[in-house]
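Working notes, beginning with the structure itself.
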Amino acid sequence: MLWYWESRAHTAVERISTVNGQQMWLQDDLGDAAAQWDRSGGRANQQLDPPTTNWSQSGTKYGQPELVPALGDGCVMLATEAGRVLCLETETGTPRWDRQYDASLVTHIEAHAGIVAVALVRQTDATALPAADDDRAGNNRNEPAFGVQGVGPANGRAQNRPTARADELLALSAHMLLIDQRTGDVTVDLKLPDSQLVQWVDIGPAGELIYASESAIYCYDTYRHEQRWRVDDPALAGTRWPMSEAGMLMLTDLDDSLVRLDYQTGRHSRIGDIRVAERRDTFPKLLAYRDQHVLKTGTGVYMLHADGTIIGRLSRSESEDLYIVGVAPTADRITVLQRHNMLTESGVPDRHASLYHVDRSGRRISDEVEPDGTVLFPGSDAIQAINDWIVVDAGQRVLAFSCPADETSVQ
């Protein structure tokens with residue numbers, strides 16, 4: 046083990062993001078603090094609390110914000126629900142810009158290849174429901190006017206959609222904004238059909254802005270500023286698990302079958318017989334290294350060519366006491382993190398995690414190693430590869446392990 050980072054008391058590491066493959070951007074489960082770390086484990090800057098007293102839960106209009114970082118060119122952007130977006134320099138943590146947009150709720154923020162997209166909702170009207178509907182709608186006036194309801198991760202991040210307060214009928218207007226990441230200025234404002242909300246957002250390798258409403262998937266050409274294609278398929282638009290990595294976009298249909306969608310044309314087709322079945326605490330995730338993709342689902346790990354062809358599979362254990370939590374592809378191998386659900390002599394859950402390597406076809410090439418006997422509580426997004434080292438989220442600790450290309454053992 047190279048180093049580890051320990052979280053603040055009573056918090057846990059919520060999310061690990063990478064910046065140019067060199068640094069990590071860490072967030073705790075309070076959602077209002079982050080820190081950066083370089084390859085050696087030294088701090089690139091101090092732990093960052095966004096420089097405003099109104100950023101955390103007490104300052105948001107509609108409840109605690111879900112701060113999902115969008116990594117731009119030399120910056121990271123954080124959004125609150127109430128329409129505020131803060132852009133920080135990744136090297137120093139200093140603000141680049143801080144904007145309050147015309148929005149009742151921000152549901153998504155995505156950045157790639159210099160393009161920043163923000164999905165938001167504007168409230169245009171609110172009328173009380175008829176008295177006859179009170180029992181059906183509920184009558185808790187202590188609830189916020191909007192809430193956030195998770196609908197599954199995309200790109201490894203939690204996707205959120207707004208929900209109206211039960212005792213009000215809200216007229217909503219959903220918009221997709223394109224933002225200049227240098228200044229925060231809005232360059233394009235796209236309105237969705239009335240009463241439809243953005244379900245998920247993705248940005249393709251050639252600057253395609255892909256976003257979905259409840260009934261359709263849209264592709265907007267950010268260079269020509271025109272709609273490129275549209276797919277009217279509610280089964281795909283409302284997918285629970287959109288995933289994209291290195292030019293491949295995958296969706297799931299109503300049968301939990303995996304569907305590959307082409308960024309250029311919108312054509313889509315099923316991939317083999319893969320079923321993306323949900324387990325208790327794991328979500329599917331798509332990763333890539335060079336010309337190979339690795340898909341982790343609740344039923345196994347699949348190795349895919351860039352065209353979606355299946356070239357290998359690593360099945361999960363049928364035992365409920367052992368299953369694959371996450372994978373991390375590097376130069377010539379894939380590091381697998383699995384968790385053992387065991388009970389101590391006193392009957393207390395004792396969940397240890399172990400690491401091992403497989404080759405690009407799924408064949409095991411190393412022994413199973415439990416790092417320093419550390420008791421881990423990893424989630425579904427608990428392991429990442431950053432160049433030649435592996436980072437593991439261990440709850441209140443972040444562990445880093447060397448993984449040089451010429452060795453087959455976990456260090």
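So the sequence shown is residues 46 to 456, counted in this note's numbering.
Built from N, CA and C at the ideal position, the CB exists for glycine as well.
In this text the structure is predicted, and so the values were computed from the model without any measurement.
Taken in chain order, the complete beta strand (DSSP E) segments of 3 residues or longer contained in the segment 277 to 356 are 288 to 290, 293 to 297, 302 to 306, 313 to 320, 330 to 334, 337 to 341 and 345 to 350. Boundaries of the beta strand (DSSP E) harbouring ARG141: 140 to 145, taken from the DSSP string. Taking the CA atoms as reference points, ILE255 sits about 30 Å from ILE369. In the three-state scheme derived from DSSP, where H, G and I count as helix and E and B as strand, PRO374 is classed as strand. When the alpha-carbon of GLN429 is set against those of GLU413, PHE446, ILE160 and GLU415, the nearest one is in PHE446. The alpha-carbon separation between ALA257 and GLY119 amounts to approximately 28 Å. The beta carbon of GLY229 sits closer than 6 Å to those of TRP142 and ARG144, all from its chain and outside the five residues before and after it, given in chain order.
Excluding the 5 residues flanking it on each side, GLY353 has same chain C-beta neighbours closer than 6 Å at ARG305 and ILE316, in chain order.
Around the C-beta of TYR308, 16 or more other C-beta atoms lie within 10 Å, and the residue is accordingly described as buried.
At the C-beta level, LEU235 and GLU259 stay beyond 8 Å of one another.
DSSP places GLU271 within a strand segment (E or B) once states are collapsed to three.
Listed in chain order, the non-local C-beta contacts of TYR263 below 6 Å within the same chain comprise TYR256 and ARG275, local neighbours out to five positions each way being set aside.
Comparing alpha-carbon positions, the option among GLY117, PRO279, VAL321 and GLU271 lying closest to MET288 turns out to be VAL321. Note: THR380 is bridge-paired with ALA373 and HIS402 in the DSSP secondary-structure output.
Distances from the alpha-carbon of ALA291 to those of HIS350, ARG227 and GLN383 put HIS350 closest. Around the beta carbon of GLN272, fewer than 16 other beta carbons lie within 10 angstroms, which makes this residue exposed.
When DSSP reads this structure, LEU237 sits in no beta bridge, so it has no partner.
As the crow flies, the alpha-carbon of THR284 is around 43 Å from that of GLU390. Restricting attention to TYR401, ILE410, GLY159 and ALA373, the CA atom closest to the CA of THR232 is found in GLY159.
Scanning its chain for C-beta atoms nearer than 7 Å, with the 5 sequence neighbours on each side dropped, one finds around GLU155 the residues ALA115, ALA162, VAL246, ASP247 and ILE248, in chain order. Closest in alpha carbon position to VAL151, among GLU136, LEU222, THR137 and ARG312, is LEU222.
Under the three-state reduction of DSSP, ARG167 is assigned to strand. Spanning the alpha carbons of ALA376 and ILE435 requires a straight line of approximately 12 Å. Counting the other Cβ atoms within 10 Å of the Cβ of ALA280 gives fewer than 16, which makes it exposed. The DSSP-derived three-state label of ALA148 is coil. In the DSSP assignment, ALA257 falls within the unbroken beta strand (DSSP E) covering 253 to 257. In the three-state DSSP reduction, ASP118 falls in the coil class, being neither helix nor strand. Note on TYR268: under 16 other CB atoms within 10 angstroms of its CB, so exposed under the neighbour-count rule.
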